[in-house]
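*Asks:*
There are 2 protein chains.
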Amino acid sequence: MLSLQVDLGQRSYPIHIGVDLIDRGDLIAAHVAGPSAVIVTNTTVGPHYAGRLEAALRAVGKQVSTIVLPDGEQFKHWETLNLIFDALLAGRADRKTTLLALGGGVVGDMTGFAAATYMRGVPFVQVPTTLLAQVDSSVGGKTGINHPLGKNMIGAFYQPEAVFADVGTLATLPSREISAGIAEIIKTAAVADAGFVDWVEDALPDLLRGDTDTLAEAVRRSCEVKARVVAEDERESGLRAILNLGHTFGHAIEAGLGYGEWLHGEAVGCGMVMAADLSARLGLLADADGDRLRRLVEAAGLPSRAPKLGEDRYIELMQGDKKAEGGDIRFVLLKSLGEAVITRVPEDELRATLATTS
Amino acid sequence: MLSLQVDLGQRSYPIHIGVDLIDRGDLIAAHVAGPSAVIVTNTTVGPHYAGRLEAALRAVGKQVSTIVLPDGEQFKHWETLNLIFDALLAGRADRKTTLLALGGGVVGDMTGFAAATYMRGVPFVQVPTTLLAQVDSSVGGKTGINHPLGKNMIGAFYQPEAVFADVGTLATLPSREISAGIAEIIKTAAVADAGFVDWVEDALPDLLRGDTDTLAEAVRRSCEVKARVVAEDERESGLRAILNLGHTFGHAIEAGLGYGEWLHGEAVGCGMVMAADLSARLGLLADADGDRLRRLVEAAGLPSRAPKLGEDRYIELMQGDKKAEGGDIRFVLLKSLGEAVITRVPEDELRATLATTS
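Quick note, the sequences are listed as chains D and U, same order.
Quick note: our numbering has the first sequence finishing at residue 422, numbered continuously throughout.
Quick note: our numbering has the second sequence finishing at residue 422, numbered continuously throughout.
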């Protein structure tokens with residue numbers, strides 16, 4: 065088992081990474097302070113893993129129940145969140161009940177937001193079962209739901225008690241979702257760690273064939289870089305925003321196609337290629353580095369060409385993104401593979417990138 | 065103008081109390097960091113005061129818009145909260161937009177929760193226009209909405225940038241709501257400040273006839289006591305719970321009758337009398353002090369006899385209250401007028417109090 069600590073003062077928490085961690089009731093229960101825990105999962109993940117997690121916690125004396133949500137980004141809204149509240153209240157869950165998020169990013173975001181707001185806050189533990197959730201949503205404390213007018217528009221910053229990333233659960237993950245997770249690993253490397261970019265290029269074949277040791281190491285390194293960035297800027301007032309590389313383009317793709325059409329990681333993968341094109345166009349990034357990033361994204365099995373939504377529609381969608389402030393659109397761009405910069409972009413350069421990449 | 069500071073480290077904020085503060089754009093704008101503000105109010109308060117507050121902020125160069133919610137506790141739910149999100153998103157409000165809560169406790173709780181969760185948190189300012197909101201919900205950072213299975217079950221601890229308690233707005237407040245506000249003043253005095261109990265007894269006639277100087281002083285002293293308690297225990301892990309005197313009974317009354325039948329302050333006023341009866345029954349409080357509290361509650365124009373819901377129904381309702389932990393019911397009780405204690409209570413004593421007071 066690999067472990068690291070996310071350093072946020074009183075809100076610090078550990079991330080443990082390994083195989084079959086969901087069976088380790090002893091380890092998990094150490095982060096369930098009260099007598100009872102409620103697992104929140106979905107109809108896809110639940111049948112595979114909820115029973116094992118329940119059994120592991122019961123074996124160490126915890127009371128456990130499970131809430132099963134419908135699966136998919138299209139259900140990441142208030143009505144589904146309310147299923148959690150309904151079940152918690154019907155089961156008389158109190159302020160000492162710990163929620164366990166067992167699933168991908170959608171389950172993690174909704175369970176985290178439910179934990180942040182149920183009785184004004186109860187503890188929660190992340191048990192991410194997709195590669196994307198293991199490397200992305202389990203670090204950073206971002207929780208929330210979508211609104212018809214925008215993704216993740218309603219939410220809170222709320223930190224888990226601990227994260228257990230069981231790379232054994234990735235064996236049942238479709239290859240398309242492995243690629244989506246690798247997109248976030250590439251992104252984290254590209255904004256902050258040139259050596260990690262080299263490592264990902266070398267490790268890519270092993271990651272794609274599902275080697276658990278390589279996956280665990282990729283999760284560890286990715287979480288470590290992200291944890292370092294988040295520790296410096298918990299509430300995303302500055303530095304942390306570099307982790308949004310590819311997200312302004314990516315969110316526009318997701319919103320423009322309708323959530324769920326492309327996976328979030330696919331949209332971010334393509335969004336990074338678009339951001340690299342824009343970076344090169346502005347003279348920030350060498351063309352060769354932009355090409356190298358595009359080849360890495362393609363080798364990971366991710367799309368590198370954006371859907372044809374039209375330039376005006378892209379710009380409209382990006383202005384609605386919450387990273388826009390005061391109407392201007394700011395972009396996370398690259399100076400090299402391993403160093404990011406945040407800047408406003410002239411509209412004609414943006415249009416040129418949209419014309420070239422979509 | 066009277067002022068005090070709620071001391072919560074980085075989340076500290078001032079409370080200003082006086083007449084016609086809503087016209088003081090200079091003072092208020094000092095707590096609106098960005099270029100734009102959105103006032104959230106309701107159909108009762110809005111026509112009286114929203115225009116004045118808008119004009120005051122425009123005069124100092126802020127962009128202002130106003131969202132008007134339906135008025136009443138029965139609208140303190142997700143659908144109404146979503147009206148705020150819909151309007152913010154339609155108006156492209158960004159992370160630097162400040163929300164101003166102009167109204168009573170319901171507007172304050174919902175606006176605060178909207179601010180806590182819109183784009184994972186935007187700043188907000190409280191402009192409470194009821195006595196209850198001025199003394200109660202403007203200190204402590206409790207925000208939230210009701211769920212069909214319980215009051216304030218979904219929410220967050222989230223602190224405002226500042227509070228402007230304009231006691232001039234109390235002139236349009238029905239006398240029943242003045243009494244409801246006095247209930248919270250009595251409660252704050254009873255749990256933590258014996259001298260303040262004496263003061264309230266003397267000042268009661270002036271408070272009831274709406275003398276603004278006396279009201280301002282009552283708001284100041286009440287906020288000061290409450291701020292001191294909250295500063296020691298921001299997230300209600302211990303001491304702060306004494307501020308819930310009368311609330312376990314009071315919430316049961318409100319839930320049992322249906323929210324909105326009794327005002328929150330009326331339910332708390334009656335709940336205090338019930339808590340005093342229980343305190344005396346357990347030998348904690350002298351009978352004479354219990355009688356004195358009851359007379360003060362009655363003199364304030366508040367009910368001192370609970371509705372006949374039946375003992376079993378009361379107990380069922382109180383077990384659903386979020387202050388219950390692990391199934392047991394804990395009560396805030398009185399040792400004297402000015403000192404509270406939190407304790408579990410044997411069911412037969414609780415039933416005796418319910419039989420006597422309802």
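Glycine included, each C-beta is placed from N, C-alpha and C at the ideal position.
In this text the structure is predicted, and so the values were computed from the model without any measurement.
So, are the CB atoms of D/E118 and D/V128 less than 7 Å apart?
*Replies:* In the first sequence, residue 118 of chain D corresponds to position 54, counting from 1. In the first sequence, residue 128 of chain D corresponds to position 64, counting from 1. In this structure, D/V128 lies closer than 7 Å to D/E118 by Cβ.
*Asks:* Among U/P224, U/Y113, U/L237, which has the Cα closest to the Cα of U/S202?
*Replies:* The residue labelled residue 202 of chain U in the question sits at position 138 within the second sequence. Closest option to U/S202, Cα to Cα, is U/P224.
*Asks:* Is any beta-carbon of chain U found at less than 7 Å from that of D/P78?
*Replies:* Within the first sequence, the letter at position 14 stands for residue 78 of chain D. D/P78 does not count as touching chain U.
*Asks:* Considering Cα atoms alone, identify which of U/L346, U/T421, U/K206, U/D275 is closest to D/Y182.
*Replies:* The residue given as residue 182 of chain D occupies position 118 in the first sequence. It is U/K206.
*Asks:* Based on the DSSP output, what are the partners of U/Y182 in its beta bridges?
*Replies:* Locating residue 182 of chain U in the second sequence gives position 118, counting from the first residue. Partner(s): D/I218.
*Asks:* D/I393 bridges to which residues according to DSSP?
*Replies:* In the first sequence, counting from the first residue as 1, residue 393 of chain D sits at position 329. None; D/I393 has no bridge partner.
*Asks:* Identify, in the order they occur along the chain, each residue of the same chain with its Cβ nearer than 7 Å to the Cβ of D/L321, setting aside the five sequence neighbours on each side.
*Replies:* Residue 321 of chain D sits at position 257 when you count from the first residue of the first sequence. Once the five neighbours on either side are set aside, the close Cβ partners of D/L321 are P371.
*Asks:* When DSSP builds the beta bridges, which residues end up paired with D/E403?
*Replies:* Indexing the first sequence from 1 puts residue 403 of chain D at position 339. Paired residue(s): D/S400.
*Asks:* For a contact defined as C-beta to C-beta under 8 Å, what are the partners of D/K206 on chain U?
*Replies:* For the purposes of this step, residue 206 of chain D is taken as the residue at position 142 of the first sequence. R184, listed in chain order.
*Asks:* So what does DSSP say about D/A350, is it helix, strand or coil?
*Replies:* Indexing the first sequence from 1 puts residue 350 of chain D at position 286. Three-state DSSP puts D/A350 in coil, outside helix and strand.
*Asks:* Where in the segment 93 to 157 of chain U do unbroken runs of the beta strand (DSSP E), each at least 3 residues long, occur, reported from the N-terminal end onward?
*Replies:* Runs found: 100 to 106, 127 to 133.
*Asks:* How far does the beta strand (DSSP E) with D/P212 in it extend, from its first residue to its last?
*Replies:* Counting from one through the first sequence, the residue named residue 212 of chain D turns up at place 148. No beta strand (DSSP E) holds D/P212; DSSP gives it neither H nor E.
*Asks:* Measuring straight from C-alpha to C-alpha, what distance separates U/S368 and U/T162?
*Replies:* Here the question's residue 368 of chain U lines up with position 304 in the second sequence. Here the question's residue 162 of chain U lines up with position 98 in the second sequence. Using only the alpha carbons, I get a separation of about 41 Å.
*Asks:* For D/L381 and chain U, any beta-carbon pair shorter than 7 Å?
*Replies:* Your numbering for residue 381 of chain D matches position 317 in the first sequence. No - not a single Cβ of chain U is within 7 Å of the one on D/L381.
*Asks:* Which same chain residues end up closer than 8 Å to D/L123 when comparing Cβ atoms and leaving out the 5 residues on each side of it in sequence?
*Replies:* Taking the first residue of the first sequence as 1, we reach residue 123 of chain D at position 59. Inspection of the sequence shows that residue 123 of chain D is occupied by Ala rather than by Leu. So the qualifying residues of the chain are G89.
*Asks:* Can you pull the chain D neighbours of U/G214, defined as C-beta to C-beta under 7 Å?
*Replies:* On the second sequence, residue 214 of chain U is found 150 positions in, with the first residue counted as 1. Correct list: L153.
*Asks:* With C-beta atoms as the reference, is U/N106 less than 7 Å away from U/V189?
*Replies:* On the second sequence, position 42 is the one that residue 106 of chain U refers to. On the second sequence, position 125 is the one that residue 189 of chain U refers to. It is not a contact, given that the beta carbons lie outside the stated cut-off.
*Asks:* Give the straight-line distance between the Cα atoms of U/T236 and U/L346, rounded to the nearest whole angstrom.
*Replies:* Within the second sequence, the letter at position 172 stands for residue 236 of chain U. Within the second sequence, the letter at position 282 stands for residue 346 of chain U. For U/T236 and U/L346, the distance between alpha carbons rounds to 42 Å.
*Asks:* Along the segment 258 to 275 of chain U, what residues have a CB closer than 7 Å to any CB found in chain D?
*Replies:* So nothing in the stretch comes that close.
*Asks:* Excluding five sequence neighbours on each side, which residues of the same chain lie with their C-beta closer than 8 Å to the C-beta of U/S67?
*Replies:* As a working mapping, residue 67 of chain U is identified with position 3 in the second sequence. Excluding residues within five positions, the ones whose Cβ falls inside 8 Å are P78, I79, H80, I81.
*Asks:* Taking only runs that begin and end inside the segment 237 to 315 of chain U, name each unbroken alpha helix (DSSP H) of 4 or more residues, in chain order.
*Replies:* Correct list: 239 to 256, 258 to 272, 276 to 296.
*Asks:* Give the C-beta separation of D/A428 and D/E325 to the nearest angstrom, bearing in mind that I take them to be a contact with Cβ-Cβ under 8 Å.
*Replies:* Examination of residue 428 of chain D is not possible in this model, given that chain D is present from 65 through 422 alone.
*Asks:* Quick check: what's the CA-CA separation for D/H311 versus D/I218?
*Replies:* Translated into positions along the first sequence, residue 311 of chain D becomes position 247. Translated into positions along the first sequence, residue 218 of chain D becomes position 154. Answer to the nearest angstrom: the Cα atoms are 17 Å apart.
*Asks:* One question on the structure: do D/D270 and D/T278 come within less than 7 Å of each other, judged by their Cβ atoms?
*Replies:* Against the first sequence, residue 270 of chain D aligns to sequence position 206. Against the first sequence, residue 278 of chain D aligns to sequence position 214. The answer is yes: Cβ separation under 7 Å.
*Asks:* Would D/E411 be called buried (16 or more neighbouring beta carbons within 10 Å of its own) or exposed?
*Replies:* Taking the first sequence and counting its residues from 1, one reaches residue 411 of chain D at position 347. Counting Cβ neighbours within 10 Å, D/E411 comes out exposed, since fewer than 16 surround it.
*Asks:* I want to know whether the segment 251 to 258 of chain D touches the segment 397 to 413 of chain D - three or more CB-CB distances under 8 Å.
*Replies:* Yes, the segment 251 to 258 of chain D touches the segment 397 to 413 of chain D.
*Asks:* With a cut-off of 7 Å, does the C-beta of U/F313 fall near any C-beta of chain D?
*Replies:* On the second sequence, residue 313 of chain U is found 249 positions in, with the first residue counted as 1. Not closer than 7 Å to any Cβ of chain D, the Cβ of U/F313 fails to qualify, so no.
*Asks:* Between the C-alpha atoms of U/E389 and D/L381, what's the straight-line distance to the nearest angstrom?
*Replies:* Here residue 389 of chain U refers to the residue found at position 325 of the second sequence. Here residue 381 of chain D refers to the residue found at position 317 of the first sequence. The pLDDT assigned to U/E389 is 48, lower than 50, so where the model puts this residue is not dependable, and the model offers no usable value.
*Asks:* Against chain D, with Cβ distances strictly below 7 Å, would U/E389 count as a contact?
*Replies:* Here residue 389 of chain U is taken as the residue at index 325 of the second sequence, counted from 1. Note that U/E389 has pLDDT 48, beneath the 50 cutoff, so the model's placement of it is unreliable and no number is given.
*Asks:* Can you list, in chain order, the residues of its chain whose CB lies under 7 Å from that of D/R415, leaving out five sequence neighbours each side?
*Replies:* Here residue 415 of chain D corresponds to residue number 351 of the first sequence, with the count starting at 1. Taken in chain order, the residues that qualify are E375.
*Asks:* The segment 137 to 161 of chain D: which residues have C-beta closer than 8 Å to a C-beta of chain U, in chain order?
*Replies:* Residues passing the 8 Å Cβ filter: W142, N146, F149, D150, L153, A154, R156, D158, R159, K160.
*Asks:* Is U/A220 close to chain D, meaning its C-beta is less than 7 Å from at least one C-beta of that chain?
*Replies:* As a working mapping, residue 220 of chain U is identified with position 156 in the second sequence. At least one chain D Cβ lies under 7 Å of U/A220.
*Asks:* With a threshold of 7 Å between beta carbons, is D/H112 in contact with chain U?
*Replies:* By one-based count along the first sequence, residue 112 of chain D stands at place 48. Not closer than 7 Å to any Cβ of chain U, the Cβ of D/H112 fails to qualify, so no.
*Asks:* In this structure, what does DSSP give as the bridge partners for D/K372?
*Replies:* Here residue 372 of chain D is taken as the residue at index 308 of the first sequence, counted from 1. According to DSSP, D/K372 bridges with nothing at all.
*Asks:* How long is the line joining the alpha carbons of U/A350 and U/A120, rounded to whole angstroms?
*Replies:* Numbered from its first residue, the second sequence carries residue 350 of chain U at position 286. Numbered from its first residue, the second sequence carries residue 120 of chain U at position 56. Spanning the two alpha carbons is a distance of roughly 51 Å.
*Asks:* Relative to the C-alpha of U/A197, which residue among U/N210, U/L213, U/E241, U/K160 is closest?
*Replies:* Counting from 1 along the second sequence, the entry for residue 197 of chain U is found at position 133. Looking at the Cα atoms, U/E241 is the closest of the given residues.
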